[in-house]
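Under this note's numbering, the residues of the sequence shown are numbered 24 to 213, in order. Virtual Cβ for every residue (Gly too), placed ideally from N, Cα, C.
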Amino acid sequence: MGSSKSKNESALGCGVLADVALILAVATQCGDDGNSNAASTTKPSATASVVAGSPKPARQVPKKVTMTLAEIVDTPDTLAHFKKFVAEHGTAEQKKAAKHLTKWRGFSQKAYPAIEVESDYPTIDYEAADATDKVMVLEKQSQYIAEAFAAWWQIDETSVIQVFDRGGEYAAGTSCIRTDSAKAEGSCLG
């Protein structure tokens, strides 16, 4: 009989441990909202997936555009596709900057291949007292645009994006197209 008592004690001990583990699991999922008598608002299916440790669904990375810069400029609706990409995948700064773009202006080959884009950014009066501040703001905007462009386009070589103001003057900025262009202050050199 001594062995059956030992088995009963073991079963009782396991039952208590299972109950304690269940209580702890529920308590940690519900959190302490200051009202211990409040009913849980967690749905059973959500609780089951948390307990099972299932991972969050993976965010799908969109396929990058593989056209050359010249092809991007010459292909209708690529600016609309770029702006849609930024609206769906860009940072808040990139979204704000991309909204100002109005059309691809062209492609040029200078020190680096460059894609030119027109915008509705204002023309800067370089004689005004606040011209330097305005130039700095617009230059930062071009860096965000370049950063978004790098996320959208398959970079094959060092390239730049030039953003022109609403008057068609080069005033809004030039930035290297690279994933960290805003952090590198738009420079292709570092």
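Member of the options whose CA lies at the smallest distance from the CA of residue i
i      : options                           : result
Tyr149 : Ser142, Lys157 and Asp143         : Lys157
Ala111 : Gln83, Lys206, Lys133 and Ser204  : Just to set this straight, residue 111 is Glu in the shown sequence, not Ala. Out of Gln83, Lys206, Lys133 and Ser204, Gln83 has the C-alpha closest to the C-alpha of Glu111.
Ile184 : Thr98, Ile178, Ile168 and Ala174  : Ile168
Leu124 : Asp188, Cys199 and Trp176         : Asp188
Val88  : Pro99, Gln177 and Phe130          : Gln177
Ala13  : Asp153, Glu170 and Lys133         : An answer regarding residue 13 cannot be provided, because it is not within the stretch 24 to 213 covered by the chain.
Leu161 : Ile138, Glu180, Ala134 and Gly196 : Gly196
Lys118 : Asp97, Phe108 and Thr202          : Phe108
Pro225 : Trp127, Pro85, Lys122 and Lys86   : Beyond the ends of the chain as shown, which are 24 and 213, falls residue 225; an answer cannot be given.
Thr155 : Ala194, Met90 and Gly113          : Ala194
Thr202 : Asp179, Gly191 and Ala134         : Asp179
Ala103 : Gly190, Trp175, Asp153 and Lys133 : Trp175
Spatial neighbours of residue i in its chain, beta-carbon cut-off 6 Å, leaving aside the 5 residues before and after
i      : result
Pro136 : Leu92 and Ser182
Ile95  : Thr101
Gln164 : Ala120
Ser131 : Ala137
Gln166 : Ser198, Ser204, Ala205 and Gly209
Pro85  : none
Glu141 : Thr125, Lys126, Arg128 and Phe187
Gly213 : Ala207
Backbone secondary structure at residue i - three-state DSSP
i      : result
Ala115 : helix
Glu162 : helix
Glu150 : coil
Lys126 : strand
Val18  : This structure cannot settle anything about residue 18, because the visible part of the chain is limited to 24 through 213.
Ala137 : strand
Val109 : helix
Leu47  : Caution applies to Leu47, whose pLDDT of 40 falls short of 50 and renders its modelled position unreliable; the value that the coordinates give is listed next. Helix at Leu47.
Cβ shell of residue i (< 8 Å), same chain only, five flanking positions each side left out
i      : result
Phe172 : Phe105, Ile138, Ile184 and Ile200
Spatial neighbours of residue i in its chain, beta-carbon cut-off 7 Å, leaving aside the 5 residues before and after
i      : result
Gly129 : Val96 and Glu139
Met90  : Thr98
Interface flag, residue i vs chain D, CB-CB below 8 Å
i      : result
Gly190 : Absent from the structure is chain D; it holds one protein chain and no more.
> Of all the alpha helix (DSSP H) runs that stay within the bounds of the stretch 170–211, which reach a length of 4 or more residues?
Replying inline: none
> So, do the stretch 202–209 and the stretch 138–147 have three or more beta carbon pairs nearer to each other than 8 Å?
Replying inline: no
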